Amino acid sequence: MKTILFICLLAAVFADPRATFLSRIVNGQEAEPNEFPWQVSLQYWSEANLRYSHICGAVVLNETHILTAAHCVEHDPTVSKYDIVAGEHNLNIQSGNEQHRRLSVITMHDEYTSSGGYNNDIAVLTLSSNLMLSPTIVEKATLPEESTQTFTGKTCQISGWGRTVANEALPDVLQKANTSVITHSDCRGRLGITGLLYLNRVSASHLYIFWNQFSL
Ligand SMILES: *[C@@H]1O[C@H](CO)[C@@H](O)[C@H](O)[C@H]1NC(C)=O
Ligand SMILES: *[C@@H]1O[C@H](CO)[C@@H](O)[C@H](O)[C@H]1NC(C)=O
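Going letter by letter, the sequence shown gives residues -15 to -1, 1 to 201 in mature numbering (1 follows the signal peptide of the UniProt record, and there is no 0).
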């Protein structure tokens, strides 16, 4: 289950500028408010702006735990530097549906490594107080039942505040796109020459999703 979720989350939900290779939603559309009630914004304290800013997506596992990518939290394990927002839609407009929570524990996958392709790039964050689950606003994500599921050929809906155009500013409004899940070898094939540059990053333990064609 852990590895299955990995690239889907990384590619879709995360807007971390450190993961420029993957954190894009290009050719997507704006989501409806709270269309993805499990979507969470992980935010990090910015000394420059004196406020918390969106760095990565995350999903609600339950009232007390959210799931994100390990690379989003590895640079700073200090729980007080983070804020999470559930029920979020436009990062710059208060709708009244937002639930802010602080973290109490950050648990990265034991075998996460940033070198050699971000294997096991997953982390579970424990909240310091419970989320209030509320239908259509803040809900748990549905996880795969079997850890052996590959989802190859399935259509996958991705969501996140990732860049909509390479090197542009992050969007304020949650974006969505439909894409399909492909195999490891298909992924390498489609990357072509670019794939050689990223050979080490494309690991068999990742889940690959594509929107029409590879577009950086
Ligand atoms: C919430 O999810 C975490 C992580 O999967 C799990 O350890 C915890 O037991 C769950 N709590 C409840 C109340 O289900
Ligand atoms: C994306 O897929 C969903 C579910 O299959 C469908 O309802 C929706 O219309 C699709 N959106 C686009 C933009 O194709």
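The C-beta atom is built at its ideal place from N, Cα and C for all residues, glycine as well. Note that this is a predicted model, so its numbers are computed, not measured.
In or out: V90 buried (at least 16 other Cβ within 10 Å) or exposed?
exposed
Starting from H50, follow the alpha helix (DSSP H) in both directions and report where the run begins and ends.
H50 -> not in any alpha helix (DSSP H); beta strand (DSSP E) instead, spanning H50 to T53.
K139 and V45: beta carbons closer than 9 Å?
no
V109 Cβ short of 8 Å to ligand 4 heavy atom set
Judged by which ligands are present, ligand 4 is missing from the structure shown, whose ligands are ligand 1 and ligand 2.
Locate the beta strand (DSSP E) running through S126, then write down its first and last residues.
Checking the sequence shown, residue 126 turns out to be Ala, not Ser. Run containing A126: none; DSSP gives neither H nor E here.
Is G145 helix, strand or coil when you go by DSSP?
strand
State buried or exposed for E73, treating a residue as buried only when at least 16 other CB atoms are found within 10 Å of its CB.
buried
Terminal residues of the beta strand (DSSP E) in which A108 lies
A108 to L112
Alpha carbon to alpha carbon, how far is Q28 from I122? Give it in angstroms, no decimals.
19 Å
With DSSP as the reference, please indicate the residues paired to A162 in a beta bridge.
I143
Are A108 and H94 touching if we call contact CB-CB under 9 Å?
yes
Local Cβ density within 10 Å of I143, reported as buried at 16 or more and exposed below that:
buried
Taking only heavy atoms of ligand 1 into account, decide whether any of them is closer than 8 Å to the Cβ of H94.
no
Cβ separation of T168 and T137, assumed to be a contact under 8 Å, to the nearest whole Å:
5 Å
Beta-carbon separation of L110 and L76 under 9 Å?
no
Same chain, Cβ closer than 6 Å to V70, neighbours up to 5 away in sequence not counted:
S26, E83 and H85
Use the C-beta contact count for H39: other C-beta atoms within 10 angstroms, 16 or more gives buried, fewer gives exposed.
buried
Extent of the continuous beta strand (DSSP E) to which W23 belongs
Premise fails: W23 is in no beta strand (DSSP E) and is neither H nor E.
Residues near ligand 1, CB to any non-hydrogen atom under 5 Å, in chain order?
L46, N47 and H50
Please identify the residue among C57, T92 and E153 whose C-alpha is closest to the C-alpha of Y103.
C57
Alpha carbon to alpha carbon, how far is E96 from Q160? Give it in angstroms, no decimals.
31 Å
Where does the unbroken beta strand (DSSP E) through M93 begin, and where does it stop?
Q84 to M93
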